[in-house]
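Residues 28 to 474 (UniProt numbering) make up the sequence shown, in order. Reviewing the structure listed below.
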Amino acid sequence: AFLDAAKSEGSATNAYITVLEEEALDAAEKIQKRIDQGESMSPLAGVPVAVKDNLCTKGVKTTAGSKMLENFYPPYHATVIDKLSDAGAVILGKTNQDEFAMGGSTETSYYGITRNPWNTDCVPGGSSGGSAAAVAAKLAPYALGSDTGGSIRQPCAFCGLTGIKPTYGSVSRYGLLAYASSLDQIGPMGKDVKDCAAALSVISGYDIKDSTSILEKPFDFSRAFDGNIKGMKIGVPKNYFEIGISEDVKNAVLNAAKEFEHQGAIVEEFEIPTIEYAVPAYYIIACAEASSNLSRYDGIKFGYRSDQANDLLSTFYQSRSEGFGKEAKRRIMLGSFVLSSGYFDAYYKKALQVRGLIKESFQQAFQKYQVILSPVSPGTAYKIGEQISDPLAMYLADIYTVSINLAGLPAVALPCGFGENGMPVGMQLIGNAFTEETLIKTAYCYQ
Ligand code: GLN
């Protein structure tokens, strides 16, 4: 049924870059046999899933939304794909995304824009916009995305879904085409928090192939659904609601705060003083790491090679100038600039120091609160084409999401109403490292 839907409605949203029809039917049949033979399997066995196209799938085209990887067929699976397959998940296809996960609207993909199923004139958010659109349009029951500065949470907010950005180090990044390695984390996107929890408990846990992997055992959320948040301390950073946020988003999130209070939580206002530095620090660090990570696409070892090239240097120059899109190039240049001698101390080093302060400001908050409630994005999904020519405005819209990645913390994004334009509004619940269970429990009480 999902494959049929992907075929017939898929083109309206352009959620998928690749649909794996035969492979999916084949896998489903094999799993059915194992279930018929009485094998006890994970709750995800036989359940289809869509995965973002920056996750390596063995023998299946993996593009990261870039022309650079138009013909890249990885010889191996990402660890999360191995884990899903072991659990019996059926992979339906690979979803569209902003090129190399750089963006917030899925308009920078080489494979065309993705549309928001709630209103196809609007963006689905990004960079995991294809995964969000696939789930929202019921072309997949859940999906995997990656979140470097909001790319799971913001498309979930724009498409009325729930998504989890896990604690850094809890899900293996092996086989995730890197954007900014110290910020990247893979996570689930689904219609509710229970589905996301089921997926996260399969994909999380230690992996020797990722040196930043730290969670010993996969998460176990079996006790997260008791529906009781009495006495839980929830902090609402009131300076998050003062400037640059639209009224409808503000009201929806503050109404959610009242609902938590109604359910017995202790909700208090406080301030996170570092918010104004989050976007500049993030874009310096993310671009710096991206410029280094994307240097591997040189026309020789990986991906696209220009036929205009006739010597070594022109192979580099031509392949990179033809293979990368505008946004990727902008970030490579920004990143190379902040890392260059003479500017390193003023920008990159400074940004790392600011990152430390941001971390500290959250640690202080967690001395008082178990959960922090915040908006995901200052506005709801906007019209396609409306913001793409103003990169600075798009960067600024990441204000609520990027500090979570800088601090390595977990956050759950979930729907909390609708905006004036009829599009969904999302809120996020932020917790201290490895408190996913608390966040899931809190989200479950609300939804
Ligand atoms: N919008 C942010 C950026 O463009 C976040 C992207 C992401 O999380 N991959 O960098």
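Note that CB positions come from ideal geometry on N, CA and C, so glycine has one too.
Legend entry - Own chain partners of residue 363 with C-beta closer than 6 angstroms, once the 5 adjacent residues on each side are dropped: 318
Legend entry - Contact check, residue 240 vs residue 199, beta carbons under 8 angstroms: yes
Legend entry - Cβ-based burial, residue 454 [other Cβ within 10 Å; buried from 16]: buried
Inset, instruction - Using only alpha-carbon positions, find the residue among 444, 187, 193, 52 that is nearest to residue 286. - result: 444
Inset, instruction - Could you spell out where the alpha helix (DSSP H) holding residue 473 opens and where it closes? - result: 463 to 473
Legend entry - Neighbourhood of residue 277 by C-beta, 8 angstroms cutoff - its chain only, sequence neighbours within 5 removed: 268, 402
Inset, instruction - With DSSP as the reference, label residue 169 as helix, strand or coil. - result: strand
Inset, instruction - Go ahead and pull the three-state DSSP assignment for residue 228. - result: helix
Inset, instruction - Can you check DSSP and say which residues form a bridge with residue 118? - result: 76
Inset, instruction - Run the CB neighbour count on residue 31, radius 10 Å, all protein chains shown included, and call it buried at 16 or more, exposed below. - result: exposed
Legend entry - residue 398, DSSP secondary structure in three states: strand
Legend entry - Assigned secondary structure, residue 260 (DSSP; H/G/I helix, E/B strand, else coil): strand
Legend entry - Whether residue 251 touches residue 224 by CB criterion (8 angstroms): yes
Inset, instruction - Can you have a look at residue 255 and say buried or exposed, based on whether 16 or more other CB atoms are within 10 angstroms of its CB? - result: exposed
Legend entry - residue 245 versus 33, 187, 156, 114, residue with shortest Cα-Cα distance: 114
Inset, instruction - Answer yes if the region 116 to 126 comes into contact with the region 376 to 395, meaning at least three C-beta pairs across the two stretches below 8 angstroms, and no otherwise. - result: no
Inset, instruction - Say whether the region 321 to 328 touches the region 399 to 419, bearing in mind that this needs 3 or more beta-carbon pairs closer than 8 angstroms, one atom from each stretch. - result: no
Inset, instruction - Kindly examine the ligand NAD and report whether one of its heavy atoms sits closer than 7 angstroms to the Cβ of residue 174. - result: This structure lacks the ligand NAD; the ligands present are the ligand GLN.
Inset, instruction - Using 7 angstroms as the cut-off, classify the Cβ of residue 80 as near or not near the heavy atoms of the ligand GLN, replying yes or no. - result: no
Legend entry - Closest residue to residue 437 among 70, 69, 467, 58 (Cα-Cα distance): 467
Inset, instruction - Go ahead and pull the three-state DSSP assignment for residue 218. - result: coil
Inset, instruction - Compute the beta-carbon to beta-carbon distance between residue 167 and residue 77, rounded to the nearest angstrom, for a pair I have assumed lies under 8 angstroms. - result: 4 angstroms
Legend entry - Completely contained beta strand (DSSP E) runs for the region 420 to 453, where each covers 3 or more residues: 438 to 445
Inset, instruction - Taking all protein chains shown into account, decide if residue 104 is buried (16 or more other Cβ within 10 angstroms of its Cβ) or exposed. - result: buried
Legend entry - Rounded separation between residue 149 and residue 339 - CA only: 43 angstroms
Inset, instruction - Could you tell me if the beta carbon of residue 333 falls within a distance shorter than 7 angstroms of some heavy atom in the ligand GLN? - result: no
Inset, instruction - For my contact list, residue 176 and residue 204 are in at a C-beta cut-off of 8 angstroms; report their separation, rounded to the angstrom. - result: Actually they do not touch by this definition, with Cβ atoms about 16 angstroms apart.
Inset, instruction - Answer yes or no: the CB of residue 259 versus the heavy atoms of the ligand GLN, is any distance below 7 angstroms? - result: no
Legend entry - C-beta contact flag for residue 471 and residue 220 at 8 angstroms: yes
Legend entry - Contact under 8 angstroms by Cβ, residue 180 with residue 192: yes
Legend entry - Three-state secondary structure assigned by DSSP to residue 334: coil
Inset, instruction - Could you tell me if the beta carbon of residue 178 falls within a distance shorter than 7 angstroms of some heavy atom in the ligand GLN? - result: yes
Legend entry - Between the CA atoms of residue 304 and residue 222 - distance to the nearest angstrom: 34 angstroms
Inset, instruction - Go ahead and pull the three-state DSSP assignment for residue 192. - result: strand
Inset, instruction - Express the C-alpha separation of residue 355 and residue 97 in angstroms, rounding to a whole number. - result: 15 angstroms
Inset, instruction - Go ahead and label residue 427 buried or exposed: buried means 16 or more other beta carbons lie within 10 angstroms of its beta carbon, across all protein chains shown. - result: buried
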